[in-house]
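Engineer: Numbering (my numbering), first residue to last: 3 to 645. Glycine residues also receive a C-beta, built at the ideal position from the N, C-alpha and C atoms. Note that the structure is predicted; figures quoted are calculated from it, not measured. Dumping the structure here so I can ask a few things about it.
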Amino acid sequence: MLISVSPIGLHLNELVYSTQTPLDKFDLVLINLRGKEYLGVVSQVDLALQAPSFTPKPASKSQLFLTKLQKELLEFTSKYYLQSLGNVASIFHLDDLKNVQKGSLDKNLKKPLKKAQAAKTPKETSPLLTLSQEQEKALRFIESRPLSLLFGDTSSGKSEIYFHLIDSTLKSQESSQCLLLMPEISLTPLMEKRLQKHFGDKVAMWHSKITKAKKQKVLDGLKAGSIKIIIGARSALFLPWSDLRLIIVDEEHDDSFKSQTSPKYNARDLCVLLSQRGIKVVLGSATPSLKSYYLAKEHGYLYRLKGKFFNSQTKLILDNSKEVLSPLLLESLQAVLDSKKQAIIFLPTRANFKSLLCTNCASTIKCPHCQVSLSVNFKKNSLVCHYCNYHMPIPLVCPTCGSEELRGKRLGTEELKNTLEEIFTGAKIKICDRDNASSFKELDKILSEFSAHKFDFLIGTQMLSKGHDFKDASLSVILGIDHILGLSDYRASEKAFSLLFQIAGRSGRRGEGSVLIQSLNTSYIEEVFKGGYQNFLENELLQRANLYPPFVRLAKLTIKDKNETKALMRARYIKDVLSKCKEKDVEVIGLAPSSMPKLKDYYFFNIILRCKKATPLLQSILSLEFNLKDKLSFDIDIDPIEF
């Protein structure tokens, strides 16, 4: 019997093997490749295969297997995101499962796993809090639908609704399992403690930073049925669930749910798919993504849970100073020190390219074809659009107001820390970003020390905007928001205001507090805050009509080479072939350098495709692969969020 096998994690084409064992599509097999044994996934059986000119090597069935849910995820992810089965299967925790098959991790345990777990003294649990009338309405709405978007203001009580949903799901069937997906690893320990308070040892955590030993214990518990609730990052979706009944995607707007490495997929969107497979799915956020909001509103699964957005003692301060650190900001920080309180300073500037900002009128220079801000290429003394490759020289004056006050500088966390230490000589200041808190242990240490008031100012990026509650933090400062508003990204406004509403909604939770936003767009920000986030989303929908998601689908093809000329020539050739073989409704809207045009000695160019429907878009890329004379490689990103 001949089978076609996609090697797992090797980025190779499918290979033909022979087997004496009856196999089905998506079965896992052991294959020999260059003298080594690897795991592969069966993509075809011999009914569709022609006998090759060589004698195929034998393949044997692996003891590992994929659950029914895993097979469904594997098939859809491979087809929609145009990734090989082996590439997708690499995220299904198969290496961790190998260890589980060898038995329980604890070598001192001689009892079977179920007996050992039964012998444990169960943790004491406390009853769930009684829901308010509004929360009860939200709960009933969610329970009546397979898919819901819970659009709830910060502090409106979304978590308590989640807990009641989990409780009712577990009571409905003894074998039921629940998954709570969270965007930041740093948020999982706190949520684990909150859930364990009510559900005891049924709760476990899963993400890339936990040890192999803990991973094996979690997998043992899932297999034995003792673990019913997993809190985790996006990878937890691909665990070997036997009876997953409920998925909650908290902070569903967060970009962390989209994988930017191979295989590229969006865990939130995969969860939405699973709502059609008998699994209840709840998306939750105080600032939902425009895509989720639009679809939920159109298809009747949006629930708006309003809360008290600002604590009555919380002040919103808008500072339109042109200085990097304004007098008002410095006065506010000094007042924090004088009152023995703490301040959190957010620098949400993670863009790789700078856009020019006019400090006189607060405008950026936009592409006339794409309506996104042009990025600065200082090397070529030009502004460039990373969607359509439109170029123009860097102007000497602002095209809007004629001012010469054009600025492209950004302030970094280290530079800010050094500056503040010079001004406030006695202040203790820490940085919490991905450079200074690269490990889970380092991050936990910084956050614990700040909670214990061991330092005065905490400087951080977006990772601090979610879920954390510091009792002595009376001031939240937001810097650099203008650079997000001016990003060369059609989602720039959505990113900026989602972050602003998240931070502002979390401030002053335990008494008097202030939120200080330093921006040259204070009138715009004030107008949006007065209207609320839902009104902002409605206005943003008008801006995107017919050009960008959620009204169209996008795909990004990325070509790379260590030689810039070769990369560009390949990209042009691929674009030419694509223009001839694409479906008629698909637009090729540009060939341009990536926003990060060179990385690790490679040059990157993007080709962007646009279509109102997904099928013609996917078919065009498949036709491109078939029609390329030279089998040139390129990276495929369906529904991209970075350019």
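1) Is W243 closer than 8 Å to T69 when the C-beta atoms are compared?
2) Determine which residues share a DSSP beta bridge with A475 and list them.
3) Run through the region 14-87 for me and flag every whole alpha helix (DSSP H) of 4 or more residues, listed as ranges in chain order.
4) Restricting to runs no shorter than 3 residues, where is the beta strand (DSSP E) found entirely within the region 193-277?
5) With hydrogens ignored, establish whether the beta-carbon of L634 is closer than 7 Å to any heavy atom of the ligand GDP.
6) Please classify F553: is it buried, with 16 or more other beta-carbons within 10 angstroms of its beta-carbon, or exposed?
7) Given E566, which residues of its chain have a CB within under 6 Å of its CB, disregarding the five upstream and five downstream residues?
8) Quick check: the region 229-237 against the region 140-153, are there 3 or more CB pairs under 8 Å?
9) Quick check on the burial criterion: 16 or more other C-beta atoms within 10 angstroms. Buried or exposed for G515?
10) Residues in the same chain with beta-carbon distance under 7 Å from C360, minus the five sequence neighbours each way, listed in chain order, please.
11) Using DSSP with H/G/I as helix, E/B as strand and the rest coil, what is H95?
12) Could you work out which residue in L221, S161, C390, F426 is closest to L197 when comparing CA atoms only?
13) Give, in chain order, every unbroken run of the alpha helix (DSSP H) that is at least 4 residues long and sits entirely within the region 369-455.
14) Using the Cβ count rule (16 or more neighbours within 10 Å means buried), how would you classify H13?
15) Drop a sphere of 10 angstroms on the beta-carbon of F67, count the other beta-carbons inside from all chains shown, and report buried for 16 or more, exposed for fewer.
16) To the nearest angstrom, report how far apart F499 and P9 are at their CA atoms.
17) Would you list the residues sitting across from K292 in a DSSP beta bridge?
18) Helix, strand or coil, according to DSSP, for W515 in the structure here?
19) How is R612 classed by DSSP in three states: helix, strand or coil?
20) Are the region 480-491 and the region 444-456 touching, with three or more C-beta to C-beta distances below 8 Å?
21) Run through the DSSP bridge pairs and tell me what F153 is partnered with.
22) Under a three-way DSSP split, which group does M646 fall into?
23) Below 8 Å between beta carbons: does that hold for I480 and I431?
24) Work out the CA separation of C273 and A337 for me, nearest whole Å.
25) Q85: which of V588, N608, Q344, E627 sits nearest, CA to CA?
26) Once the 5 residues before and after E74 are set aside, which same chain residues still bring their CB inside 7 Å of it?
27) Give the range of the beta strand (DSSP E) segment to which G462 is assigned.
28) Answer with buried or exposed for H301, where buried requires no fewer than 16 other C-beta atoms within 10 angstroms of its C-beta.
29) So, is N608 buried or exposed, given that buried needs 16 or more other C-beta atoms within 10 angstroms?
30) Using a Cβ-Cβ cut-off of 6 Å (strictly less than) and excluding sequence neighbours within five positions of C613, which residues of its own chain qualify?
31) Pick out whichever of Y575, I346, F442, S375 has its Cα sitting closest to the Cα of I519.
32) Hey, could you find the ends of the beta strand (DSSP E) A140 is sitting in?
33) Expressed to the nearest angstrom, what Euclidean distance is found between the alpha-carbon atoms of I281 and L624?
34) Between the Cα of L335 and the Cα atoms of S287, G309, Y303, L422, which residue gives the shortest distance?
35) Taking C-alpha atoms, which residue in N34, E529, F538, S45 lies nearest to L320?
36) Here's a check: name, in chain order, each residue in its chain whose Cβ is nearer than 6 Å to the Cβ of K447, leaving out the five neighbours to either side.
Structural biologist: With the given structure in hand:
1) Going by C-beta atoms, T69 is nearer than 8 Å to W243.
2) In DSSP, A475 forms a bridge with Q344.
3) Taking only runs of at least 4 residues, the alpha helix (DSSP H) segments lying wholly in the region 14-87 are 70-82.
4) Those beta strand (DSSP E) runs which fall completely within the region 193-277 and span 3+ residues are 205-208, 231-234, 246-252.
5) This structure does not include the ligand GDP; it has no bound ligands of any sort.
6) Here F553 is exposed: its Cβ has fewer than 16 other Cβ atoms, across all protein chains shown, within 10 Å.
7) Sequence-distant partners of E566 (beyond 5 residues in either direction) whose C-beta falls short of 6 Å from its own C-beta, in its chain, are Y605.
8) Taking a contact to require three or more Cβ pairs closer than 8 Å, the region 229-237 and the region 140-153 do not qualify as touching.
9) Classification for G515: buried.
10) Result list for C360: C400, T402, C403, S405, E407, L408, in chain order.
11) In the structure shown, H95 sits in coil (DSSP, three-state: anything other than H, G, I, E or B).
12) The shortest C-alpha to C-alpha distance from L197 to any of L221, S161, C390, F426 is the one to S161.
13) Runs of the alpha helix (DSSP H) lying entirely within the region 369-455, each at least 4 residues long, are 415-425, 442-453 in chain order.
14) With fewer than 16 other Cβ atoms within 10 Å, it is exposed.
15) Residue environment analysis places F67 among the exposed positions, since fewer than 16 neighbouring C-beta atoms fall within 10 angstroms of its C-beta.
16) Cα to Cα, the separation comes out at about 43 Å.
17) In the sequence as displayed, the identity of residue 292 is Leu instead of Lys. Looking at the DSSP assignment, L292 forms no beta bridge with any residue, so it has no partner.
18) At residue 515 the sequence reads Gly, which differs from the Trp that was named. Correct three-state label for G515: strand.
19) In this structure, R612 counts as strand in the three-state DSSP scheme.
20) Flag = no, the region 480-491 and the region 444-456 do not touch.
21) Beta-bridge pairing links F153 to S287, R306.
22) Nothing about residue 646 can be read from this structure; the chain reaches only from 3 to 645.
23) No.
24) Just so you know, the alpha carbons of A337 and C273 end up roughly 46 Å apart.
25) Taking only the C-alpha atoms, the option nearest Q85 is E627.
26) Closer than 7 Å at the Cβ level, and outside the excluded window around E74, lie R279.
27) Segment 459-462, the beta strand (DSSP E) holding G462.
28) Counting C-beta atoms within 10 angstroms of its own C-beta, H301 has fewer than 16 neighbours from the protein chains shown and is therefore classed as exposed.
29) N608 should be labelled buried.
30) Apart from sequence neighbours up to five positions away, the residues of its chain that approach C613 with a beta-carbon distance below 6 Å are R555, D587, V588, L619, ordered along the chain.
31) In terms of CA proximity to I519, I346 leads the group Y575, I346, F442, S375.
32) Element bounds for A140: not the beta strand (DSSP E) but the alpha helix (DSSP H), 135-145.
33) Cα to Cα, I281 sits roughly 31 Å from L624.
34) Out of S287, G309, Y303, L422, L422 has the C-alpha closest to the C-alpha of L335.
35) L320 has its Cα closest to that of E529, out of N34, E529, F538, S45.
36) Taken in chain order, the list of residues that qualify is empty.
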